[in-house]
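Colleague: I am attaching a structure below and will ask some questions about it afterwards.
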């Protein structure tokens, strides 16, 4: 098939959907790949590095494509330029993109959303939420070590011993575990908490101490946490407060897919931290785990600096794009039939799970409901 | 004795000569300690934390003191406020502070320079150059990891393996070894070079590879490197060039005490580095190991970002001050006689080594020569 790589247009998006290594694999599999000019430039992949592996550079790459790969969803203008019936793969948070979903539907585009890839073993290699969370979790620890005006590790010197920094990590999914691992590498003492019971063992396997609170655990679908009642949230904050007050660094990574991030830490709790403390809130873009955090900014709360993440994976665009591209290559391979033609199998739970629109219909149940009302006609409900 | 802690006045100096823990030790040893208001504020030590350990806060602390401790040398105004015959301990680079040295001499101040403490085993706990180099070496690695838009460690993920970053460290003194240790902790692959033969083993003990060049080694006094000829420097640059071109991160830490830092890396060599590469030059303030580096700034050379250090230890003022204060406490203890009185023993090589002025004379030979000419009267020449 003809695959096009879009140049990202969203402000601050540095990543690219396919890197040269990934393009080389697609070319070897019999596909033709075109990139829009400068598609990889912000991630330090020059156009020539794509040409070197067999891609063409084409300002009209999208128009002639069977499949367009991008990091962020295409905008209205780009969607209108697409041929009817072609396919797109990108992040596409459906509930926040209803207008675009309607346009994709009306244009009969087969739109696949990376965040809807089911969290099953077979789809692990296509799980872009996880691959990007790995990058942002590492980055969170590096940012914290840069902001903290002290050592992470214990240092024994001729002029005495310097105590290691104490780090608390909230949320022990992929990002949280990677933050823990990186803080541990740097020699800090790490404690972590997650509402899921299964997390304690993973936290310990990374060399951190699992904070145990006298509360019920909350296991959701696909290994994610589920939402909690406000009463439980309040008790959780009360029990976490002393751990946070004693920490030099707090890193929060708690997310509930498709919903606002849970408020785990109030401004009052941050104000109890020591002078010079550092807070990194990876969930700042979806409402924040920390009250008062601002995406893309550092704010002072009490004597602490609070760093709010904004497209954190995009701060390391090279490796983030490399992992994302491999996710996309694996997803394309799943949807490729004979003669390297696009042939998504709608009996495959990964294909049907990731599909937002197809054949002029919204195929993702919850989105269809939002867009067309509860009594809309039945499709392949995969919500 | 009455010990005063100066509030630093130099722009950007965040450290303080004595931290509360150190003051507590001095008070326990029978000394009276006064601090100028806000002396520790930039290092997150509030005045009250000094009061809590028995110090007084006094805007005129310097005037009544037997000994004044500061990080940077006192300025003219402060020197004029000192009682005749009292003592100072601070960093005091004599060759760059000739006017101040003359004032200290004329005021009959006993001025001790931390950078002149001899590098002998007994003085290790008073070696402030080493304690501050430890901080800046750690910081150099953290800064590099923050600037690099890739992972330091190898990462094995469901979407493939991410290769570790390659780091080259030039200069393997205290700062260089600490940078190596920190980069290794973070999982990067590290190669290092030092002109001293003894360094290779230390480099390897930190888990890095020692770069071996077909050149003579240069061992100087006190474990420091000595200067090299321009011819050798050129050959060294030629031989290092391919190592640097292959690196993602270059950290330079080469210093020759009291002299301009050696130029190890030309702009041409930096231009051979890959897009997105990072250079950290810890020697930027003394002329730079890297051509074009600017202290306190990030400049672009080719496709690399070059970070020039400026008071790098001061970026971590809490631990830097803590270590420095312990150095100063140890030096004060060495110069304390009965009844906790100031009694420097000028038969002690540490005392005589660190002394710049005493009893109305310049006691540091090379400085006396610069200030008073080669045929000045003989003192305790300790140069």
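Residue numbers (our numbering), protein chains in the order written: chain A, 11 to 393; chain B, 11 to 393. The C-beta atom is built at its ideal place from N, Cα and C for all residues, glycine as well. A quick note: this is a predicted structure, and the numbers were derived from the prediction, not measured.
Contact between the stretch 167-183 of chain B and the stretch 305-312 of chain B is defined here as three or more beta-carbon pairs at a separation below 8 Å; is this criterion met?
Modeller: At 8 Å Cβ cutoff, the stretches do not touch.
Colleague: Is any beta-carbon of chain B found at less than 8 Å from that of residue 146(A)?
Modeller: It does not: the Cβ of residue 146(A) has no partner Cβ on chain B nearer than 8 Å.
Colleague: Give the straight-line distance between the Cα atoms of residue 339(A) and residue 63(A), rounded to the nearest whole angstrom.
Modeller: Their Cα atoms are separated by approximately 15 Å.
Colleague: Tell me residue 219(A)'s beta-bridge partners as DSSP assigns them.
Modeller: According to DSSP, residue 219(A) bridges with 201(A).
Colleague: In terms of residues, what are the limits of the alpha helix (DSSP H) holding residue 41(A)?
Modeller: Element bounds for residue 41(A): n/a, residue is neither H nor E.
Colleague: Thinking C-beta only, is residue 374(B) closer than 8 Å to residue 366(B)?
Modeller: In this structure, residue 374(B) lies closer than 8 Å to residue 366(B) by Cβ.
Colleague: Would you say residue 30(B) faces chain A, with C-beta separation under 8 Å as the test?
Modeller: Not one chain A Cβ lies under 8 Å of residue 30(B).
Colleague: Compare the C-beta of residue 346(B) against all C-beta atoms of chain A and say whether one is closer than 8 Å.
Modeller: Not closer than 8 Å to any Cβ of chain A, the Cβ of residue 346(B) fails to qualify, so no.
Colleague: Between the stretch 12-27 of chain B and the stretch 41-57 of chain B, can you find at least three pairs of beta-carbon atoms closer than 8 Å?
Modeller: Yes, since at least three Cβ pairs between the stretch 41-57 of chain B and the stretch 12-27 of chain B fall closer than 8 Å, the two stretches touch.
Colleague: Counting Cβ pairs, one atom from each stretch, are 3 or more of them under 8 Å apart for the stretch 152-159 of chain B and the stretch 116-131 of chain B?
Modeller: Flag = no, the stretch 152-159 of chain B and the stretch 116-131 of chain B do not touch.
Colleague: Looking at the unbroken beta strand (DSSP E) that takes in residue 314(B), where does it start and where does it end?
Modeller: From DSSP, the beta strand (DSSP E) with residue 314(B) extends over 314-318.
Colleague: Use the C-beta contact count for residue 291(B): other C-beta atoms within 10 angstroms, 16 or more gives buried, fewer gives exposed.
Modeller: With 16 or more other Cβ atoms within 10 Å, it is buried.
Colleague: Should residue 283(B) and residue 254(B) be called a contact, given that it needs their Cβ atoms to be closer than 8 Å?
Modeller: Yes.
Colleague: Just to make sure I have the definition right: I need the residues of chain A whose C-beta is within less than 8 Å of the C-beta of residue 195(B). Which are they?
Modeller: Those within 8 Å of residue 195(B) in chain A are 163, 195, 196, 197.
Colleague: Can you give me the start and stop residues for the alpha helix (DSSP H) that residue 279(A) sits inside?
Modeller: Start and end: 277-281.
Colleague: What are the boundary residues of the alpha helix (DSSP H) that residue 206(A) is part of?
Modeller: Careful: residue 206(A) lies outside any alpha helix (DSSP H) and carries neither H nor E.
Colleague: Buried or exposed: which applies to residue 341(A), given that a residue is buried once 16 or more other Cβ atoms fall within 10 Å of its Cβ?
Modeller: Classification of residue 341(A): buried, given that the 10 Å Cβ count is 16 or more.
Colleague: Could you pull the start and end residues of the alpha helix (DSSP H) that residue 374(B) belongs to?
Modeller: Here residue 374(B) belongs to no alpha helix (DSSP H), and DSSP marks it neither H nor E.
Colleague: What do you reckon, are the CB atoms on residue 96(B) and residue 79(B) nearer than 8 Å?
Modeller: No, they are not a contact pair.
Colleague: Can you pull out the residues from the stretch 323-342 of chain A whose beta carbon lies closer than 8 Å to at least one beta carbon of chain B?
Modeller: Cβ contacts with chain B: 325, 326, 327, 328, 329, 332, 333, 334, 336, 337, 340.
Colleague: Answer with buried or exposed for residue 100(A), where buried requires no fewer than 16 other C-beta atoms within 10 angstroms of its C-beta.
Modeller: Burial call: buried.
Colleague: By the 7 Å beta-carbon criterion, what residues does the stretch 44-71 of chain B contribute toward chain A?
Modeller: Listed by position along the chain: 54.
Colleague: For the candidate residues 237(B), 149(B), 187(B), 296(B), whose alpha-carbon lies nearest to that of residue 106(B)?
Modeller: Closest option to residue 106(B), Cα to Cα, is 296(B).
Colleague: Anything in the stretch 274-305 of chain B with a Cβ closer than 7 Å to a Cβ of chain A? List those residues in chain order, please.
Modeller: Cβ contacts with chain A come from 285, 286.
Colleague: Can you name the residues of chain B whose CB is closer than 7 Å to the CB of residue 190(A)?
Modeller: Residues of chain B passing the Cβ test: none, with the nearest at roughly 13 Å.
Colleague: For a contact defined as C-beta to C-beta under 9 Å, what are the partners of residue 270(A) on chain B?
Modeller: What residue 270(A) touches in chain B: nothing, since even the nearest Cβ is about 27 Å away.
Colleague: Report yes if the C-beta distance between residue 262(B) and residue 220(B) is below 8 Å; otherwise report no.
Modeller: Their beta carbons are not under 8 Å apart, which means residue 262(B) does not touch residue 220(B) by this criterion.
Colleague: What residue from 108(B), 28(B), 113(B), 258(B) has the CA that sits closest to residue 92(B)'s CA?
Modeller: When only C-alpha atoms are compared, the closest one is 113(B).
Colleague: Give me whichever residues DSSP pairs with residue 382(B) in a beta bridge.
Modeller: Beta-bridge pairing links residue 382(B) to no other residue.
Colleague: Is it right to say residue 18(B) is buried, meaning 16 or more other beta carbons lie within 10 angstroms of its own, or is it exposed?
Modeller: With 16 or more other Cβ atoms within 10 Å, it is buried.
Colleague: Taking 7 Å as the cut-off, is the CB of residue 87(B) close to at least one heavy atom of the ligand NAP?
Modeller: For the structure depicted, the ligand NAP is absent and the ligand set is empty, with no information on it obtainable.
Colleague: Starting from residue 227(A), trace the alpha helix (DSSP H) both ways and give me its first and last residue.
Modeller: Segment: none, residue 227(A) is in no alpha helix (DSSP H) and carries neither H nor E.
Colleague: Report the neighbours of residue 167(B) on chain A: residues whose CB is nearer than 7 Å to its CB, in chain order.
Modeller: Result: 141, 144, 333.
Colleague: Rank 108(A), 149(A), 247(A), 70(A) by C-alpha distance to the C-alpha of residue 8(A) and give the top, closest one.
Modeller: In the structure displayed, chain A extends from 11 to 393; residue 8(A) sits before or after that span and is not available.
Colleague: Helix, strand or coil: which one does DSSP assign to residue 296(A)?
Modeller: If DSSP states are grouped into helix, strand and coil, residue 296(A) belongs with the helices.
Colleague: Against residue 155(B), what residues of chain A qualify as contacts under a CB-to-CB distance less than 7 Å, listed in chain order?
Modeller: What residue 155(B) touches in chain A: 152.
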